[in-house]
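For the sequence shown, the residue numbers in our numbering are 138 to 378. The beta carbon of each residue, even a glycine, is placed where N, CA and C say it ideally should be. Input: a single structure, listed below in structure tokens.
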Amino acid sequence: MTGRVAVVTGGTRGIGGAISEALAKNGYQVAANYVGSTDRAKSFQERTGIATFRFDVGDFEASREGVKRIEQELGPVEVLVNNAGITRDGTLHKMSFENWDEVIRTNLTSCFNMCRHVIEGMRDRKFGRIVNIGSVNGQAGQYGQVNYAAAKSGIHGFTKALAQEGAKVNVTVNAVAPGYVNTEMVRAVPDKVLEKIIARIPVGRLGETDDIVRAVLFLVADDADFMTGSTMSVNGGQHMY
Ligand code: CAA
């Protein structure tokens, strides 16, 4: 059992919830961040025993405070999974600035905010495992998602740049790029659009959260220290990259 402190942003439901639970089962002390529904986070905490922390990862100062609270309660952050993400789909000619900005802030600026507040400690202690959750839609693009694709694509560049900075001090930085996974976010895609997407997935089905969890557990392991700056694509063969 590792006992290492792991933060999962957007960690109380969907892919993030599954990652939090798997890390806890594997002996990590998990802090599951959330910002939306307090009731749902409360029931997650009651069901799993995992500590939850409410703050907006898109806000630099709120993230600083959030990391501070986590470190006071659990100890220095050694593992960070930047998972928080939202969609505001729509074609560019109909997209508002707010729908652009909110997605960039929540999905991409959040990676900067969270990494910035944990990186100095990781560098000093010469240990850190950062996993950023990208997306097949950041790799391949997707109709109706200029905001989301730009943010997720940004995550892949961010990962490769920070990996170079952390390499000498045993701070690895990798990305996992999920395909279409059976979560609320994907179930919100209109049925007729989703059917067409599934038809293009060679494995012939949506992914399950456990498919993504497996990749994250691999990357955060203490002995995964030679793997950095990589992207693990878990997408049923939808995009081979
Ligand atoms: N490629 C080309 N054309 C497409 C298309 C595609 N992928 N998708 C839709 N179109 C076409 C439609 O066929 C339609 O053309 P016609 O009018 O000639 O029939 C036209 O674009 C308009 O389509 P809609 O009726 O769907 O337009 P809308 O304005 O009502 O909705 C939309 C647009 C909101 C983008 C909607 O198509 C949609 O929700 N698409 C799904 C986007 C998506 O995949 N989001 C992923 C969310 S999950 C996620 O992001 C997780 C992850 O990481 C994978």
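Could you tell me how far apart the beta carbons of Gly164 and Ile156 are, in whole angstroms, since I believe they sit closer than 8 Å?
To locate residue 164, count along the sequence shown from 1; it is residue 27. To locate residue 156, count along the sequence shown from 1; it is residue 19. Contact between Gly164 and Ile156 is absent: CB atoms are separated by about 14 Å, not below the 8 Å threshold.
Distance, Arg206 Cα to Glu302 Cα:
Here residue 302 refers to the residue found at position 165 when the sequence shown is read from its first residue. Here residue 206 refers to the residue found at position 69 when the sequence shown is read from its first residue. Computed Cα separation, rounded: 26 Å.
Would you decide whether Phe234 is buried or exposed? Buried here means 16 or more other CB atoms lie within 10 Å of its CB.
As a first step, residue 234 is located in the sequence shown; it is residue number 97 there, counting from the start. Phe234 should be labelled exposed.
Which residues DSSP lists as bridging Gly344, in chain order:
Within the sequence shown, residue 344 is the residue found at index 207, counting from 1. Beta-bridge pairing links Gly344 to Val318.
So does Gly227 have its beta carbon nearer than 7 Å to some heavy atom of the ligand CAA?
Position 90 of the sequence shown, counting from 1, holds the residue named residue 227. Under cutoff, so the answer is yes.
Exposed unless 16 or more other CB atoms sit within 10 angstroms - verdict on Pro315:
Position 178 of the sequence shown, counted from the first residue, corresponds to residue 315. Taking all protein chains shown into account, Pro315 has 16 or more neighbouring C-beta atoms within 10 Å of its C-beta and is therefore buried.
On the DSSP bridge list, what partners appear for Asn311?
Looking up residue 311 in the sequence shown gives position 174. The partner list for Asn311 (beta bridge, DSSP) reads Val268.
Measure the alpha-carbon distance for Phe192 versus Ser290 and round it to whole angstroms.
Residue mapping note: residue 192 aligns to position 55 of the sequence shown, counting from 1. Residue mapping note: residue 290 aligns to position 153 of the sequence shown, counting from 1. In this structure, the straight-line span from the alpha carbon of Phe192 to that of Ser290 is close to 24 Å.
Which same chain residues, not among the five before or five after Gly140, have their C-beta less than 7 Å away from its C-beta?
The residue labelled residue 140 in the question sits at position 3 within the sequence shown. Within the same chain, Gly140 has close Cβ partners Gly164, Gln166.
May I have the straight-line CA-CA distance separating Leu354 from Val255, to the nearest angstrom?
Here residue 354 corresponds to residue number 217 of the sequence shown, with the count starting at 1. Here residue 255 corresponds to residue number 118 of the sequence shown, with the count starting at 1. Rounded to the nearest angstrom, the two C-alpha atoms are 20 Å apart.
Please report how far the alpha carbon of Arg262 lies from the alpha carbon of Val216, in whole angstroms.
Counted from its first residue, the sequence shown places residue 262 at position 125. Counted from its first residue, the sequence shown places residue 216 at position 79. The alpha-carbon separation between Arg262 and Val216 amounts to approximately 12 Å.
Mind checking which residues open and close the alpha helix (DSSP H) that includes Thr296?
Start at 1 with the first residue of the sequence shown, and residue 296 comes out as number 159. Thr296 -> alpha helix (DSSP H) spans 283 to 303.
Is Met369 buried or exposed, if buried means 16 or more other CB atoms sit within 10 Å of its CB?
Within the sequence shown, the letter at position 232 stands for residue 369. That one is buried.
Put Asn219 into one of helix, strand or coil per three-state DSSP.
To locate residue 219, count along the sequence shown from 1; it is residue 82. Correct three-state label for Asn219: strand.
Expected contact under 8 Å - CB spacing of Val308 and Ile267 to nearest Å
Residue mapping note: residue 308 aligns to position 171 of the sequence shown, counting from 1. Residue mapping note: residue 267 aligns to position 130 of the sequence shown, counting from 1. The Cβ separation is near 7 Å, so the contact holds.
So Ser370 is in the beta strand (DSSP E); what residue range does that whole segment cover?
As a first step, residue 370 is located in the sequence shown; it is residue number 233 there, counting from the start. Its beta strand (DSSP E) spans residues 368 to 371.
Can you look up Asn163 in the DSSP assignment and give me helix, strand or coil?
Here the question's residue 163 lines up with position 26 in the sequence shown. DSSP places Asn163 in coil when its eight states are reduced to three.
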